[in-house]
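J.: Take this structure first; my questions come after.
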Amino acid sequence: MSSAMYERMRANPKFRELVARRGRFAWTLAIVVLAMFYGFVMIVAFNPGALGQPVAEGSKLTVGVAAELFMFIFFWVLTAVYVRRANTEFDALTQEVVKEAWKDQK
Amino acid sequence: MMRNLLTALGLMAFSAVTFAADAVAQTEKQATNWHAIIMFCIFVALTMGITYWAASRTKSTADFYTAGGGITGFQNGLAIAGDYMSAATLLGLTAMVYGQGYDGYIYMLCFFAGWPIILFLMAERLRNLGRFTFSDITAYRLDQGKVRTMAAISSLTVVCFYLIAQMVGAGQLIKLLFGLEYNVAIFAVGILMMVYVTFGGMVATTWVQIIKACMLLCGGTLVMVLAMSQFGFSYQTLMEKATAAHKLGDKLMYPGSLLKDPVTAISLGLGLMFGTAGLPHILMRFFTVTDAKEARKSVLYASGFVAYFFNVIFLMGLAGILIVGQNPEFFEGGEIGKKLIGGGNMVAMHLAKAVGGNMLLGFLAAVAFATILAVVSGLALAGASAISHDIYARVIKKGQASEAAEIRVSKIATICLGFVAIVLGILFEKQNIAFMVGLAFGVAAAANFPVLILSMYWKGLTTRGALAGGYGGLVSAVLFVLFSKSVWVDVLGNAAPLFPYTQPALFAMPIAFLLAFIISKLDTSAAAKQEIEAFEDQYVRAQTGFGAASASAH
């Protein structure tokens, strides 16, 4: 029975839409995180001096500390964005796919 | 150019483990700290009360392994953060910022950056496919008996190595923080853990972890706020004074000088990053929540707490440069610049004493010890479930075991693991166990992670491929470490290592992936064909969560 349910869900265009949309969104965010993180690591490797500069004349806040603090917050905001969209939009779509598969059974 | 990059990447990871390892280095027994002991006893009394309450709610196997899937995303987020913020984080990272400044902050970002990736690519599928252990996922469409046996063996290997590191760490910390004997810690941790897990199962283990995480967050915040109040809560003032006082001067805020050969460093980095995603006790946490929705929320809360706490630690370390580093009271012989009393990892503790007196010191020391206890409980539960759910119920009884029998087996397994932990803790007291955590992560990264990720993402994985990859990764990770300097020379006393690098992941992970890939491709058996076809259904379930084990089941 459950295999037939899976078969019907797979055939539903909404399932393909769900997988495509969520996949694209998740991978986009993952690539943003990886690109920023490894970009930062490259600066650590090639131009460490730049990270020690103050953000403004006379300030003790350095570019490196500011950049990292930004990434801590930004990455966390990205997780919040993903959770928000996945828990509303994608989950609603998932429920539709499952409901329609049940309906077809009858 | 590439080499520089790799070096930089690696040195962060390397320094991480060096510092983490310092926390478990040989220590000298200090004067008995009654504040710490009393506060730890309060923690134990509180958690015992919870265990008593949890015991009445732990009836089915689902209750025992995953708290009935009824933990909320917020609670689970705190518990995951608790698993992630270890004693080594509190002590080792504060010390690293104190000594190296900005390097410590870079390292913390490395530790943090893996979490969004776990959320985007793994959390949902883990929850939708798994039930009690991660072998539920790898064995989903493959041969149950063979794949579960393999996954249970590698899980137990990881659990044992990790237990040794934690037990020895507990023994050393108790001498340092409480001023008690090494063996007191070993028995206390071993016995308390058995009580929590056998009576309270996952409900108690989760609450121990949650309480500990709250204590750690509150304690850290309190120390940070008290310390920052001495600088008028101004980062500017703090840094002006810190750079003036520190021997590195303005270089304190530049990426620093920690350097080791790049291969070791990268290997360790890979091991830490993918090892986290292959640790059985972390993976198990994803099955304790109701559904994928709550699993996602857990990562959101967990990463929020971890990010916050890392920033608190950064400020603690910087404040420590002035408050601890300029106070002769904390140095041996009362001379600034000499060895810190109790060793380099005591910065956080000295800072607590300086800003909050003996009460705060006692509190933070109790938290550090509670941390180890919580991690050990999680490990024991993960190990016990590998024995009872995978080996006993699924392999020996072929899924025909009654729930009562399965729970009984897991309780016996927990008690056995408790004794194993005590014995290992005593055996390894004088050993240099710095390689143990790296080894546990290396095995998790090489034996668990490749098969797990392939089973979720790659249609072509077959039973033979999974077995080849899993065993290949396990054996190569263990052999690489056995033949490396840390065991072959330092423990076994040979003249030269047979394998030049101490960290296995960079070499063992490709072996596991390649073996799984090649053997799967070569496997043309009828069973393999069915397994590949079964991926389609698994894929729909992974995406929709339809058919996933849920809390409403009971």
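From first to last, the protein sequence lines are chains A and B.
First residue of the first sequence: -11, per the working numbering; consecutive thereafter.
First residue of the second sequence: 35, per the working numbering; consecutive thereafter.
The beta carbon of each residue, even a glycine, is placed where N, CA and C say it ideally should be.
At least one CB of chain B closer than 8 Å to the CB of Val69 (chain A): is that the case?
T.: Residue mapping note: residue 69 (chain A) aligns to position 81 of the first sequence, counting from 1. It does not: the Cβ of Val69 (chain A) has no partner Cβ on chain B nearer than 8 Å.
J.: I'd like to check one pair, Leu251 (chain B) with Phe343 (chain B): are the Cβ atoms closer than 8 Å?
T.: Walking along the second sequence from the start, residue 343 (chain B) turns up at place 309. Walking along the second sequence from the start, residue 251 (chain B) turns up at place 217. Cβ distance < 8 Å, so Phe343 (chain B) and Leu251 (chain B) count as in contact.
J.: Since Lys331 (chain B) meets chain A, which of its residues come closer than 9 Å, beta carbon to beta carbon?
T.: Position 297 of the second sequence holds residue 331 (chain B). Chain A residues near Lys331 (chain B): Val71, Asn75.
J.: Give the residues of chain A in contact with Tyr139 (chain B), contact being defined as C-beta atoms less than 7 Å apart.
T.: On the second sequence, residue 139 (chain B) is found 105 positions in, with the first residue counted as 1. The answer, in chain order, is Val53, Glu56.
J.: At a Cβ threshold of 8 Å, is Val32 (chain A) touching chain B?
T.: What you label residue 32 (chain A) is simply residue 44 of the first sequence in a count that begins at 1. Judged by the 8 Å Cβ criterion, Val32 (chain A) is in contact with chain B.
J.: Please state whether DSSP places Phe267 (chain B) in a helix, a strand or coil.
T.: Residue 267 (chain B) sits at position 233 when you count from the first residue of the second sequence. If DSSP states are grouped into helix, strand and coil, Phe267 (chain B) belongs with coil.
J.: Tell me which same chain residues have a C-beta within less than 7 Å of the C-beta of Ala408 (chain B), skipping the five on either side of it?
T.: Numbered from its first residue, the second sequence carries residue 408 (chain B) at position 374. Excluding sequence neighbours, Ala408 (chain B) sits near Gly116, Val242, Gln243, Lys246.
J.: Sorted by chain position, which residues of the same chain lie with C-beta nearer than 7 Å to Ala311 (chain B)'s C-beta, five sequence neighbours on each side aside?
T.: The residue given as residue 311 (chain B) occupies position 277 in the second sequence. Only Ile152, Met156, Phe483 meet the Cβ criterion.
J.: Helix, strand or coil for Phe348 (chain B), going by three-state DSSP, please let me know.
T.: Indexing the second sequence from 1 puts residue 348 (chain B) at position 314. Three-state result, Phe348 (chain B): helix.
J.: So with CB distances below 9 Å, who are the chain B contacts of Arg(-2) (chain A)?
T.: Here residue -2 (chain A) refers to the residue found at position 10 of the first sequence. Glu570, Asp571, Tyr573, Val574, listed in chain order.
J.: Rounded to the nearest angstrom, what separates Phe78 (chain A) and Arg10 (chain A) at their Cα positions?
T.: On the first sequence, position 90 is the one that residue 78 (chain A) refers to. On the first sequence, position 22 is the one that residue 10 (chain A) refers to. The alpha-carbon atoms of Phe78 (chain A) and Arg10 (chain A) are separated by roughly 7 Å.
J.: Would Leu74 (chain B) be called buried (16 or more neighbouring beta carbons within 10 Å of its own) or exposed?
T.: Counting from 1 along the second sequence, the entry for residue 74 (chain B) is found at position 40. Leu is not the amino acid found at residue 74 (chain B); the sequence shown has Phe there. Phe74 (chain B) comes out buried.
J.: In or out: Met273 (chain B) buried (at least 16 other Cβ within 10 Å) or exposed?
T.: Walking along the second sequence from the start, residue 273 (chain B) turns up at place 239. Looking at its Cβ environment, which holds 16 or more other Cβ atoms inside 10 Å, Met273 (chain B) is buried.
J.: Would you say Lys327 (chain B) faces chain A, with C-beta separation under 8 Å as the test?
T.: Along the second sequence, one-based indexing puts residue 327 (chain B) at 293. Chain A, which has a Cβ nearer than 8 Å to the Cβ of Lys327 (chain B), makes this yes.
J.: Reducing DSSP to helix, strand and coil, say where Phe34 (chain A) ends up.
T.: As a working mapping, residue 34 (chain A) is identified with position 46 in the first sequence. Helix, per DSSP.
J.: Can you list the residues of chain B that Asp79 (chain A) reaches, using a CB-CB cut of under 7 Å?
T.: Taking the first residue of the first sequence as 1, we reach residue 79 (chain A) at position 91. Simply Lys327.
J.: Comparing the C-beta of Met7 (chain B) with each C-beta of chain A, is any distance below 8 Å?
T.: In the structure as shown, chain B starts at 35 and stops at 588, and residue 7 (chain B) therefore has no counterpart that could be examined.
J.: Rounded to whole angstroms, what is the Cα-Cα separation between Gly433 (chain B) and Val259 (chain B)?
T.: Counting from 1 along the second sequence, the entry for residue 433 (chain B) is found at position 399. Counting from 1 along the second sequence, the entry for residue 259 (chain B) is found at position 225. Approximately 54 Å, taken between the alpha carbons.
J.: Does the CB of Gly27 (chain A) have a neighbour CB from chain B at under 8 Å?
T.: Locating residue 27 (chain A) in the first sequence gives position 39, where the first residue counts as 1. By this cut-off, Gly27 (chain A) is not an interface position.
J.: Ignore the nearest five residues each way along the sequence and tell me which others in Ala550 (chain B)'s own chain have a CB closer than 7 Å to its CB.
T.: The count along the second sequence starts at 1 and reaches residue 550 (chain B) at position 516. Correct list, in chain order: Pro484, Val485, Leu488, Leu495, Gly499, Ala500, Ala502, Gly503.
J.: Would Asp92 (chain A) be called buried (16 or more neighbouring beta carbons within 10 Å of its own) or exposed?
T.: For the purposes of this step, residue 92 (chain A) is identified with residue 104 of the first sequence, where counting begins at 1. Exposed, since its Cβ has fewer than 16 Cβ neighbours within 10 Å.
J.: Please classify Gly234 (chain B) as buried or exposed, where buried requires at least 16 neighbouring CB atoms within 10 angstroms.
T.: For the purposes of this step, residue 234 (chain B) is taken as the residue at position 200 of the second sequence. With 16 or more other Cβ atoms within 10 Å, it is buried.
J.: So, does the CB of Pro36 (chain A) fall closer than 8 Å to a CB anywhere in chain B?
T.: Reading the first sequence from its first residue, position 48 is the one you call residue 36 (chain A). Output row for Pro36 (chain A): interface = yes.
J.: Quick one: does Gln270 (chain B) have its CB under 8 Å from some CB of chain A?
T.: Walking along the second sequence from the start, residue 270 (chain B) turns up at place 236. Yes, because at least one Cβ of chain A sits closer than 8 Å to the Cβ of Gln270 (chain B).
J.: Decide if Trp149 (chain B) is buried, meaning its Cβ has at least 16 other Cβ atoms within 10 Å, or exposed.
T.: In the second sequence, the residue the question calls residue 149 (chain B) occupies position 115. With 16 or more other Cβ atoms within 10 Å, it is buried.
J.: Going by DSSP, which residues form a beta bridge with Ile105 (chain B)?
T.: Locating residue 105 (chain B) in the second sequence gives position 71, counting from the first residue. Answer is B:Val323.
J.: Contact between the stretch 443 to 461 of chain B and the stretch 194 to 207 of chain B is defined here as three or more beta-carbon pairs at a separation below 8 Å; is this criterion met?
T.: yes
J.: Quick check: does the Cβ of Gly164 (chain B) come within less than 7 Å of any heavy atom belonging to the ligand MN?
T.: In terms of ligand content, the structure shown is empty, and the ligand MN therefore cannot be addressed.
J.: For Gly305 (chain B), which of B:Gly581, B:Pro544, B:Ser436, B:Val401 has the nearest alpha-carbon?
T.: Working through the second sequence from its first residue, we reach residue 305 (chain B) at position 271. Checking every option, the nearest Cα to that of Gly305 (chain B) belongs to B:Pro544.
J.: With distances taken Cα to Cα, identify the nearest neighbour of Leu317 (chain B) among B:Tyr491, B:Gly527, B:Lys464, B:Leu413.
T.: As a working mapping, residue 317 (chain B) is identified with position 283 in the second sequence. Minimum Cα distance to Leu317 (chain B) is reached at B:Leu413.
J.: Using CA atoms only, rank isn't needed, just tell me which of B:Tyr174, B:Gly164, B:Val257 is closest to Leu394 (chain B).
T.: Within the second sequence, numbered from 1, the residue matching residue 394 (chain B) stands at position 360. Scanning B:Tyr174, B:Gly164, B:Val257 for the CA closest to the CA of Leu394 (chain B) turns up B:Val257.
J.: When burial is assigned at 16 or more other CB atoms within 10 Å of the CB, is Gly126 (chain B) buried or exposed?
T.: By one-based count along the second sequence, residue 126 (chain B) stands at place 92. Under this definition Gly126 (chain B) is a buried residue.
J.: Give me the chain A residues within the contact set of Glu274 (chain B), using Cβ-Cβ distance strictly less than 7 Å, ordered along the chain.
T.: On the second sequence, position 240 is the one that residue 274 (chain B) refers to. Lys48, listed in chain order.
J.: Indicate whether at least one CB of chain B lies closer than 8 Å to the CB of Ala23 (chain A).
T.: As a working note, residue 23 (chain A) is residue 35 in the first sequence. Not an interface residue.
J.: Would you mind giving the Cβ-Cβ distance between Gly507 (chain B) and Ala480 (chain B), rounded to the nearest angstrom? I have them listed as a contact below 8 Å.
T.: Walking along the second sequence from the start, residue 507 (chain B) turns up at place 473. Walking along the second sequence from the start, residue 480 (chain B) turns up at place 446. Rounded, the Cβ-Cβ distance is 4 Å, consistent with contact.
J.: If you follow the alpha helix (DSSP H) that Met383 (chain B) is part of, which residue opens it and which one closes it?
T.: For the purposes of this step, residue 383 (chain B) is taken as residue 349 along the second sequence, with counting starting at 1. It spans 381 to 419 - the alpha helix (DSSP H) in which Met383 (chain B) sits, taken as one unbroken run.
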